[in-house]
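Have a look at the structure below, then the notes.
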Amino acid sequence: MPYFSAADLPELEKVYRLNLINAITGFKPANLLGTADAQGRTNLAIISSVVHLGSSPALLGLVMRPPTVERHSYDNIRATGCYTLNHVHEGIARAAHLTSANFPREVSEFDACGLTPQYADDFAAPYVQESHLRIGLRLVQEVPLEINGTVLLIGSVEHLYLPDTGVLRPDGSLDLAAAGTVALSGLDTYYQASPVARYGYARPNQPLPELPLTIF
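The sequence shown maps to residues 1379 to 1594 in the numbering used here.
And the structure:
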């Protein structure tokens, strides 16, 4: 069994360590982060660091890399306070991954990667038209993480667009496999989502109820 201690990790070759540590968390959400600057120039970036922070109010967290160099998405969010998260599906995975290239500020990843910006409800940030599940967020708090220089951005959910049919269950949960949403492992490997089981609320000393996976 391969084993790495805390002392081993700093000694690993940089790219090897990068790949390893990015993969050990398991499958992560694959989202396209859509922003625009104060002049309306659009930016799009693939990210995998989105996390649920609460439902009332509806809050999502996003970890950004240290702003020690030019970070277009981060700069745009701070300038406008608005950003979008757009689920990646198999049909746009290749284009989504291409947004990770280091394009200059004056080049929009929408144009360079063949995706379509879409504005709605007078929101200042662009959505990805090709995405099946789109979220509009407003920045409410920025938390610097001193241990490594990253920044946690906390956003409130202001807009949520879902597919017309087949995804939203009667209880409010989502069938993400039906939406085609893909998962990301490490930095470069995309996976199709396939449900294994769905269980009801767990209570001590009671049978665990199994719930239907599909929407009737």
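All C-beta atoms, glycine included, are put in the ideal place defined by N, C-alpha and C.
* Is D1386 near the ligand SAH, judged by its Cβ being under 7 Å from some heavy atom? -> In terms of ligand content, the structure shown is empty, and the ligand SAH therefore cannot be addressed.
* **Host beta strand (DSSP E) of T1413 (start-end)** => Here residue 1413 refers to the residue found at position 35 when the sequence shown is read from its first residue. 1409–1414 is the span of the beta strand (DSSP E), which, as asked, contains T1413.
* Give the DSSP-derived three-state secondary structure of A1561 in the structure shown. => On the sequence shown, residue 1561 is found 183 positions in, with the first residue counted as 1. If DSSP states are grouped into helix, strand and coil, A1561 belongs with the strands.
* Can you grab the Cα-Cα spacing for the pair L1546 / D1553, in whole Å? => Your numbering for residue 1546 matches position 168 in the sequence shown. Your numbering for residue 1553 matches position 175 in the sequence shown. Answer to the nearest angstrom: the Cα atoms are 7 Å apart.
* Rounded Cβ spacing between G1412 and Y1461 (contact assumed at less than 8 Å) -> For the purposes of this step, residue 1412 is identified with residue 34 of the sequence shown, where counting begins at 1. For the purposes of this step, residue 1461 is identified with residue 83 of the sequence shown, where counting begins at 1. 7 Å between Cβ atoms; contact.
* Whole angstroms is fine: what's the gap from V1428's alpha carbon to A1503's? => In the sequence shown, counting from the first residue as 1, residue 1428 sits at position 50. In the sequence shown, counting from the first residue as 1, residue 1503 sits at position 125. V1428 and A1503: Cα-Cα distance of roughly 17 Å.
* From D1489 to R1472, what distance separates their C-alpha atoms? -> As a first step, residue 1489 must be located in the sequence shown, where it is residue number 111. As a first step, residue 1472 must be located in the sequence shown, where it is residue number 94. Cα to Cα, the separation comes out at about 14 Å.
* **Anticipated Cβ contact below 8 Å, R1512 with Y1505, distance rounded** => On the sequence shown, residue 1512 is found 134 positions in, with the first residue counted as 1. On the sequence shown, residue 1505 is found 127 positions in, with the first residue counted as 1. R1512 to Y1505, Cβ: 4 Å. Contact.
* Asked: How would you label I1425, buried or exposed, when you count the other beta carbons within 10 angstroms and need 16 or more for buried?
  -> Within the sequence shown, the letter at position 47 stands for residue 1425. Answer is buried; the Cβ neighbour count reaches 16.
* Look up R1512 in the DSSP assignment and say whether it is helix, strand or coil. => Working through the sequence shown from its first residue, we reach residue 1512 at position 134. R1512 falls in the strand class under three-state DSSP.
* **Own chain, CB closer than 6 Å to T1477, minus 5 neighbours either side, in chain order** => Here the question's residue 1477 lines up with position 99 in the sequence shown. Contacts found: L1422, A1423, I1424, E1487, C1491.
* Reference R1419, options H1467, N1454, A1555, V1521, closest by Cα -> Here the question's residue 1419 lines up with position 41 in the sequence shown. It is N1454.
* **Buried or exposed by the 16-neighbour rule on C-beta atoms within 10 Å, applied to H1430** => Indexing the sequence shown from 1 puts residue 1430 at position 52. That one is exposed.
* Between the Cα of L1530 and those of D1386, V1485, L1438, spot the shortest distance and give me the residue it belongs to. => Residue numbering aside, residue 1530 sits at position 152 when the sequence shown is read from its first letter. Among D1386, V1485, L1438, the Cα nearest to that of L1530 belongs to L1438.
* Drop a sphere of 10 angstroms on the beta-carbon of G1533, count the other beta-carbons inside from all chains shown, and report buried for 16 or more, exposed for fewer. => Residue mapping note: residue 1533 aligns to position 155 of the sequence shown, counting from 1. Buried, since its Cβ has 16 or more Cβ neighbours within 10 Å.
* To do: Name the residue from A1457, E1520, T1528, E1468 whose alpha carbon lies nearest to the alpha carbon of R1443.
  => Within the sequence shown, numbered from 1, the residue matching residue 1443 stands at position 65. Closest option to R1443, Cα to Cα, is T1528.
* To do: Kindly identify the DSSP beta-bridge partner or partners of G1439.
  => As a first step, residue 1439 is located in the sequence shown; it is residue number 61 there, counting from the start. In DSSP, G1439 forms a bridge with V1429, I1532.
* Asked: So Y1461 is in the beta strand (DSSP E); what residue range does that whole segment cover?
  -> Walking along the sequence shown from the start, residue 1461 turns up at place 83. Its beta strand (DSSP E) spans residues 1460–1465.
* Asked: Under 8 Å, do H1467 and G1558 count as touching if we go by C-beta distance?
  -> Within the sequence shown, residue 1467 is the residue found at index 89, counting from 1. Within the sequence shown, residue 1558 is the residue found at index 180, counting from 1. Yes, they are a contact pair.
* Could you name the residues that DSSP lists as bridge partners for Y1477? => Along the sequence shown, one-based indexing puts residue 1477 at 99. The question names Tyr, but residue 1477 in the sequence shown is Thr. Paired residues: none, contrary to the question.
* Asked: Would you call N1641 buried or exposed, if buried means 16 or more other Cβ atoms sit within 10 Å of its Cβ?
  -> Not covered by the structure: residue 1641. The range shown for the chain is 1379 to 1594.
* Asked: Nearest CA to the CA of A1571: which residue from L1390, R1395, A1556?
  -> As a working mapping, residue 1571 is identified with position 193 in the sequence shown. Cα-wise, what sits closest to A1571 is A1556.
* **Element boundaries [beta strand (DSSP E), containing Y1569]** => Here residue 1569 is taken as the residue at index 191 of the sequence shown, counted from 1. 1567–1570 is the span of the beta strand (DSSP E), which, as asked, contains Y1569.
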